[in-house]
């Protein structure tokens with residue numbers, strides 16, 4: 082049985098992984114670039130705009146961070162790209178002027194946007210719901226596990242699961258994935274996501290949205306900020322095409338260009354971007 086393990090995706094997908102330069106130390110040069118170029122901003126939610134919570138349903142966005150996002154959105158397009166359901170993260174942020182992409186880019190707000198690409202033979206929400214029932218039945222006996230059935234994904238959170246129970250949990254989940262050919266498993270921070278097995282992820286969604294914004298508003302450099310393993314998909318997709326920032330207290334292999342320590346430093350970065358964004 083193949084088991085999921087905590088490993089950065091780029092160990093197998095990006096042979097040129099770096100550890101990300103500290104953004105504050107590199108800000109001078111980046112500031113000069115951004116002062117001369119238009120940009121759009123894409124942000125993960127959990128662990129990026131808020132600190133990661135053992136119980137995701139208790140996460141809250143601070144009023145200070147909400148204000149930063151609202152101000153920035155008056156000058157440049159701002160998109161939240163989250164593993165949460167789109168309506169869930171939109172409710173937590175509470176800013177209708179932003180664009181929201183949920184379920185790692187599978188559920189994108191389509192108002193005023195072209196329809197998302199269609200994938201022939203892909204798993205649909207009805208398939209996700211059925212799989213969610215099977216997952217809940219398979220792991221319900223594991224103390225501390227939390228299963229979230231979303232529109233396009235099933236998330237198995239195990240932040241509060243005992244270490245000795247994690248391997249058995251992973252085996253149970255992978256057995257279900259192997260038996261469901263329309264799905265694949267993706268590893269995040271203390272979470273396993275079961276998602277449709279198609280070539281679509283945060284990186285593809287961000288590139289698609291960035292192109293839409295370019296067609297609407299003119300050329301702009303996409304900026305992406307995220308903290309999780311799934312954000313590496315966006316870092317990889319934007320390599321050489323945008324600016325990417327990892328949120329992590331400790332240095333680690335990443336495809337991101339820069340690194341900040343925590344959501345507080347993300348707030349500092351958003352303030353800097355607001356000061357550089359053109360007044361419209």
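In the numbering used here, the protein residues as written are 82 to 361. Cβ atoms here follow ideal geometry from the backbone N, Cα and C, with glycine treated the same way.
Since residue i and residue j should fall inside the 8 Å C-beta cutoff, what is the C-beta to C-beta distance between them, to a whole number of angstroms?
i           : j           : result
residue 101 : residue 327 : 5 Å
residue 276 : residue 123 : Not really, about 19 Å apart at Cβ, beyond 8 Å.
residue 115 : residue 357 : 5 Å
residue 259 : residue 273 : Actually they are not in contact, since the Cβ atoms of residue 259 and residue 273 sit about 13 Å apart, beyond 8 Å.
residue 317 : residue 336 : 5 Å
residue 158 : residue 131 : Incorrect: roughly 21 Å between the Cβ atoms, too far for contact.
residue 269 : residue 235 : The pair is not a contact, with the Cβ atoms about 13 Å apart (cut-off 8 Å).
residue 111 : residue 147 : Rounded, the Cβ-Cβ distance is 25 Å, inconsistent with contact.
Using a Cβ cut-off of 7 Å (strictly closer), state whether residue i contacts chain D.
i           : result
residue 247 : The chain inventory of the structure shown lacks chain D, comprising one protein chain alone.
Output needed for residue i: all residues of its chain with C-beta closer than 8 Å, excluding positions within five of it in sequence on either side, in chain order.
i           : result
residue 206 : 232 and 233
residue 243 : 224 and 225
residue 257 : 212, 215, 216, 219 and 275
residue 149 : 348, 351, 352 and 355
residue 361 : 155 and 156
residue 342 : 328, 329 and 330
residue 141 : 131 and 173
residue 238 : 137, 226, 227, 228, 229, 271 and 272
residue 245 : none
For residue i, is the classification buried or exposed, using 16 other Cβ atoms within 10 angstroms of its Cβ as the cut-off for buried?
i           : result
residue 325 : buried
residue 118 : exposed
residue 186 : buried
residue 129 : buried
residue 139 : exposed
residue 340 : buried
residue 229 : buried
residue 241 : exposed
residue 284 : buried
residue 134 : exposed
residue 308 : buried
residue 262 : exposed
residue 221 : exposed
residue 249 : exposed
residue 344 : buried
residue 332 : exposed
residue 315 : buried
Can you find the residues in the same chain that come closer than 7 Å, C-beta to C-beta, to residue i, ignoring five residues on each side of it along the sequence?
i           : result
residue 166 : 183, 184, 188, 231 and 232
residue 104 : 326, 339, 340, 341 and 350
residue 320 : 336
residue 323 : 302, 303, 304 and 305
residue 312 : 125 and 283
residue 210 : 230
Indicate the three-state DSSP secondary structure (helix, strand or coil) for residue i in the structure shown.
i           : result
residue 241 : coil
residue 269 : strand
residue 283 : helix
residue 188 : strand
residue 295 : helix
residue 256 : helix
residue 290 : helix
residue 248 : helix
residue 355 : helix
residue 72  : Past the boundaries of the shown model lies residue 72; the chain is included only from 82 to 361, so the question cannot be answered.
residue 152 : helix
residue 141 : coil
residue 224 : coil
residue 113 : helix
residue 219 : helix
residue 320 : coil
residue 205 : coil
residue 167 : helix
residue 175 : coil
Where DSSP assigns a beta bridge to residue i, which residues make up the other side?
i           : result
residue 160 : 123 and 180
residue 325 : 305
residue 277 : 264
residue 103 : 340
residue 236 : 229 and 274
residue 361 : According to DSSP, which records beta bridges pairwise, residue 361 is partnered with nothing at all.
residue 131 : 127
Leaving out five residues before and five after residue i in sequence, what residues of the same chain have Cβ atoms less than 6 Å from its Cβ?
i           : result
residue 126 : 161, 163 and 170
residue 265 : 278
residue 178 : 154
residue 298 : none
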